[in-house]
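*Asks:*
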Amino acid sequence: MLTAAVPAVAAQPLSTLEPAGVDAERIAVFFWWMGIGAGIVWLAAMSFVAYCLWLPSRSRQAPSPRRVVVTGGMVLPSVLLAVLVGGIVPHTNDFVDTGAADGALRVRVAGEQWWWRVRYPRPDGGDVELANQLRVPAGRTTHVELSSDNVIHAFWVPSLAGKIDMIPGRTTYLTLEPTRAGTFRGVCAEYCGTSHARMTFDVVVLAPDDFERWLMAEAGPARAPETALGRAGAAAFVDSGCGGCHTVRGTPAAGVIGPDLTHVGARRGDASVLPHANDDLEVWLRQPDLVKPGALMPPFAALGAPRLQALVSYLRELR
Ligand SMILES: [Cu+2]
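Structure (structure tokens):
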């Protein structure tokens, strides 16, 4: 049973040093250049200190102040900085997103309080919407359009790319070019409010064929529940007014305040921080702000355990 401490969906590393995307690889290379460069300078400075402290004084000869200033203060730093800056600055443009390239996948991500609204524009004009999870094909460019209508959030998947702010009134862009399949954690990297630290998401990188198959399935309407409990849950969903905030495509539920729940049962976790466990989902429905303080979903404890369990069963069948 869930108490105040909420476990993360999976303790995957949020590491910029295990790159799995083109931009992340560039960033890792910069890190090593800067790190090793700084290490060399540090070693040189420390050797100089050691030399001054421990070498017998008679074998030392004080260099002329002029030489110290010219060599140590001008030539050395200029050469070092020229190498480091010269090696890196020309590459900073590599990160500038130049708009959706031909053949790139487009995904829109909006920062909400405190979750991620993810939309895939479809050729027919409709959107496929889900939450707290992006799925993208490996080896292909994904052009992510980022927005927010509340406060500033920041989109950061350390293993795949750099980070960029999501600013109200503006659209910012980020390119994802994953080099291998896998599941990578993302976080909000700009303090946005009480549950900022629980505003996490996953990027699932799939083989291109698997991705197309998933997108087709995701675009489809919700499945009708097959179990009696699931059907009771579907009825409770309508009676409790869940559809005022949530969309379940293929049913009358068409709310847009909360996440689209059409295929919520197929997501990796619930409400971005909960592992896929029925008890935890029930706690979420009972009292969302126990899981995410300040979440904009009202508590439904008053529905009572049987109806909450039926709702959980229904949500699980929405695959
Ligand atoms: Cu945020």
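So for the sequence shown, our numbering puts the first residue at 1175; every next one is plus one. Even for Gly, the Cβ is constructed at its ideal location relative to N, Cα and C. All of these numbers come straight from a predicted model, not from anything done at the bench.
Any idea what DSSP makes of VAL1302, helix, strand or coil?
*Replies:* Reduced to three states, the DSSP call for VAL1302 is strand.
*Asks:* When you compare only the Cα positions, how much space is there between ALA1476 and VAL1281?
*Replies:* Going from the Cα of ALA1476 to the Cα of VAL1281 covers about 38 Å.
*Asks:* HIS1370: beta carbon under 6 Å from a heavy atom of ligand 1?
*Replies:* Checking the Cβ of HIS1370 against ligand 1 gives yes.
*Asks:* Run the CB neighbour count on PHE1222, radius 10 Å, all protein chains shown included, and call it buried at 16 or more, exposed below.
*Replies:* By the 10 Å Cβ count, PHE1222 comes out exposed.
*Asks:* Could you tell me whether the segment 1305 to 1314 touches the segment 1229 to 1247, using the rule of 3 or more Cβ pairs below 8 Å?
*Replies:* The answer is no - the segment 1229 to 1247 does not touch the segment 1305 to 1314, with fewer than three Cβ pairs under 8 Å.
*Asks:* Any contact of the segment 1359 to 1366 with the segment 1330 to 1344, i.e. 3+ C-beta pairs under 8 Å?
*Replies:* Short answer: they touch.
*Asks:* Helix, strand or coil for GLU1392, going by three-state DSSP, please let me know.
*Replies:* DSSP places GLU1392 in helix when its eight states are reduced to three.
*Asks:* Any heavy atom of ligand 1 within a distance shorter than 6 Å of the CB on HIS1327?
*Replies:* At least one heavy atom of ligand 1 is nearer than 6 Å to the Cβ of HIS1327, so yes.
*Asks:* Can you tell me which of the three DSSP states TRP1207 falls into?
*Replies:* Three-state result, TRP1207: helix.
*Asks:* With distances taken Cα to Cα, identify the nearest neighbour of ILE1431 among GLU1303, ARG1493, GLY1336, SER1369.
*Replies:* Nearest C-alpha to ILE1431: GLU1303.
*Asks:* Tell me, which residues are paired with TRP1216 by DSSP?
*Replies:* TRP1216 is not bridged to any residue.
*Asks:* State the DSSP-derived secondary structure class of ASP1444, mapped to helix, strand or coil.
*Replies:* Of the three classes helix, strand and coil, the one that applies to ASP1444 here is strand, per DSSP.
*Asks:* When you compare only the Cα positions, how much space is there between ARG1372 and TYR1365?
*Replies:* Distance between the alpha carbons of ARG1372 and TYR1365 is about 11 Å.
*Asks:* Measuring CB atoms only, is the segment 1255 to 1262 touching the segment 1197 to 1209, in the sense that at least three cross pairs come out at less than 8 Å?
*Replies:* They touch, by the three-pair rule.
*Asks:* Give every residue of the same chain whose Cβ lies closer than 7 Å to the Cβ of GLU1192, excluding the five residues on either side of it in the sequence, and list them in chain order.
*Replies:* So the list reads SER1333, once near-sequence residues are dropped.
*Asks:* Given this structure, state the Cα-to-Cα distance separating SER1446 from VAL1242, to the nearest angstrom.
*Replies:* Between SER1446 and VAL1242, the C-alpha separation is close to 58 Å.
*Asks:* State the beta-bridge partners of LYS1337 as determined by DSSP.
*Replies:* TRP1330.
*Asks:* How about VAL1283 and LEU1227: do their beta carbons lie closer than 7 Å?
*Replies:* For VAL1283 and LEU1227, no; Cβs fall outside 7 Å.
*Asks:* Assign VAL1457 to one of two classes, buried (16 or more other C-beta atoms within 10 Å of its C-beta) or exposed (fewer than that).
*Replies:* Flag for VAL1457 reads buried.
*Asks:* Check the C-beta distance from ALA1154 over to TRP1288 and give it rounded, since I have them as a contact under 8 Å.
*Replies:* Since the displayed the chain opens at 1175 and closes at 1493, residue 1154 lies outside it and no answer follows.
*Asks:* I'd like to know if the segment 1374 to 1389 and the segment 1398 to 1409 are in contact, where contact means that at least 3 CB-CB pairs between them fall below 8 Å.
*Replies:* In short, these stretches do not touch, since the Cβ pair count stays below three.
*Asks:* Out of ARG1293, GLY1285, PRO1382, state which residue places its alpha-carbon closest to the alpha-carbon of ILE1341.
*Replies:* The shortest Cα separation from ILE1341 among ARG1293, GLY1285, PRO1382 belongs to GLY1285.
*Asks:* With distance defined between alpha-carbon atoms, name the residue in ILE1326, ALA1212, GLY1418 nearest to ARG1472.
*Replies:* The sequence as given places Pro at residue 1472; Arg does not occur at that position. Ranking the options by Cα distance to PRO1472, first place goes to GLY1418.
*Asks:* Excluding the 5 residues flanking CYS1467 on each side, which residues of the same chain have their C-beta closer than 6 Å to its C-beta?
*Replies:* One detail in the question is off: residue 1467 reads as Pro in this sequence, not Cys. So the list reads THR1368, SER1369, once near-sequence residues are dropped.
*Asks:* Can you give the beta carbon distance from PHE1269 to ASP1339, rounded, assuming they're within the 8 Å contact cut?
*Replies:* At roughly 14 Å, the Cβ-Cβ gap does not stay under 8 Å, so PHE1269 and ASP1339 are not in contact.
*Asks:* Excluding five sequence neighbours on each side, which residues of the same chain lie with their C-beta closer than 7 Å to the C-beta of LYS1393?
*Replies:* As written in the sequence, residue 1393 is Ala, which differs from the Lys given in the question. Result list for ALA1393: ARG1296, VAL1302, in chain order.
*Asks:* For TYR1294, count neighbouring C-beta atoms within 10 Å of its own C-beta (all shown protein chains included) and say buried if the count is 16 or more, exposed if not.
*Replies:* Answer is buried; the Cβ neighbour count reaches 16.
*Asks:* By Cβ distance below 6 Å, which residues in the same chain neighbour THR1177 in space, the five residues on each side in sequence not counted?
*Replies:* Residue confidence for THR1177 is low, a pLDDT of 46 falling below 50, so the modelled location carries little weight; the figure read from the coordinates is stated next. Same-chain partners within the cutoff: there are none.
*Asks:* For PHE1358, does the three-state DSSP call read helix, strand or coil?
*Replies:* Three-state result, PHE1358: strand.
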